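Residues in the sequence shown are numbered consecutively from 186, following the numbering used here. C-beta: ideal position from N, C-alpha, C; glycine also. Fair warning: this is a prediction, and the values are worked out from it, not measured in the lab. Before any comments, here is the structure.
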Amino acid sequence: METVKKTLAMMALVAGLANTAYAEVGLVGEVGTTGVGGHVVIPLRKNMNARLGMGYLTYSYSGSTRDMNYDLSMKARTYDALLDWYPREHSSFHVTGGLAYNGNKIDAQARPNSGGNYTVNGNSYSAAAAGKITGQVDFGKVAPYLGVGWSKASEKGWSFSTDVGMLFQGSPHTSLSSSGCTAGAAACNQLATDVAKENARLSDEVSRFKVYPVLRVGVSYKF
């Protein structure tokens with residue numbers, strides 16, 4: 186919550202710095218890999234805009250490591266403060282940089298095989314006796330953003346916009362554990378050891394998410 190407060194404070198500061206000579210504020214509604222969201226566009230100079238916005242996405246899918254299959258649920262929450270720089274006058278192309286509060290996370294639940302068993306670190310366990318194997322993948326909360334896009338810098342009225350870029354969310358942190366084991370002390374202790382090793386494999390599997398691709402299309406209105 187503290188990071189969100191700082192992000193909102195930064196948004197208010199940028200809004201206060203907007204040059205009144207170019208204060209035709211715009212609103213953008215967007216869809217893309219950051220979900221459904223929008224931005225407030227604040228002109229700072231003829232060739233520079235500030236954008237303050239957020240995105241929301243929930244997505245469920247399946248994944249696997251060497252031994253185990255997972256049901257995964259991704260929840261993307263982003264709050265960003267961006268600057269668009271237009272290198273050429275009267276061009277819609279711009280270069281974008283900024284920071285985002287990154288609330289992205291992935292919830293993981295192991296899925297038994299067709300025989301009702303988990304295979305963890307090469308050892309087989311009855312899912313009924315082993316209980317649940319669940320975990321979460323978290324990312325760095327402050328993520329730099331770099332990209333390019335196309336939108337009109339200062340013209341009033343309706344227009345379309347596009348963003349293509351990368352959110353650098355850092356190395357993910359995984360936390361996989363078992364709960365509800367009824368297989369006996371020795372078997373449950375072995376399961377906990379195997380789950381810890383499986384957690385390392387899951388960490389390797391999700392390491393490709395260090396960079397989150399951003400593709401957004403939107404409709405904007407500038408007052």
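Subject >> Cutoff 8 Å; reference residue 330; Cβ partners in own chain excluding five residues on either side >> reply: Same-chain partners within the cutoff: 265, 267, 281, 282, 283, 284, 285, 350, 351, 352, 353 and 399.
Original post:
Taking Cβ to Cβ, would you say residue 214 is nearer than 8 Å to residue 403?
Top reply: Their beta carbons are under 8 Å apart, which means residue 214 touches residue 403 by this criterion.
Original post:
Within this structure, are the beta carbons of residue 258 and residue 245 separated by less than 8 Å?
Top reply: In this structure, the beta-carbon distance from residue 258 to residue 245 falls below 8 Å.
Subject >> Reference residue 287, options 388, 336, 241 and 363, closest by Cα >> reply: Sorting 388, 336, 241 and 363 by C-alpha distance to the C-alpha of residue 287 places 241 at the top.
Original post:
Counting along the chain, where does the alpha helix (DSSP H) carrying residue 389 start and finish?
Top reply: 370-391 is the span of the alpha helix (DSSP H), which, as asked, contains residue 389.
Subject >> Reduced DSSP category for residue 231 - H, G, I as helix; E, B as strand; rest coil >> reply: In the three-state DSSP reduction, residue 231 falls in the coil class, being neither helix nor strand.
Subject >> Per-residue DSSP class, three states only, for residue 414 >> reply: Since the first and last residues shown for the chain are 186 and 408, residue 414 lies out of range.
Original post:
Which whole runs of the alpha helix (DSSP H) in the segment 249-335 are 4 residues long or more, in chain order?
Top reply: Along the length of the segment 249-335, whole alpha helix (DSSP H) runs at least 4 residues long occupy 312-315, reported in chain order.
Subject >> Proximity winner among 239, 294 and 235, relative to residue 475 (alpha-carbon distances) >> reply: Within the shown structure, residues of the chain are numbered from 186 to 408, placing residue 475 beyond reach of any answer.
Original post:
Which value, in whole angstroms, describes the spacing of the CA atoms of residue 407 and residue 231?
Top reply: Roughly 14 Å separates the two Cα atoms.
Original post:
From what residue to what residue does the beta strand (DSSP E) around residue 353 run?
Top reply: It spans 342-353 - the beta strand (DSSP E) in which residue 353 sits, taken as one unbroken run.
Original post:
Per DSSP, residue 222 is paired with what?
Top reply: Paired residue(s): 215 and 240.
Subject >> Between the CA atoms of residue 289 and residue 217 - distance to the nearest angstrom >> reply: Distance between the alpha carbons of residue 217 and residue 289 is about 15 Å.
Subject >> Boundaries of the beta strand (DSSP E) in which residue 367 is found, first to last residue >> reply: Premise fails: residue 367 is in no beta strand (DSSP E) and is neither H nor E.
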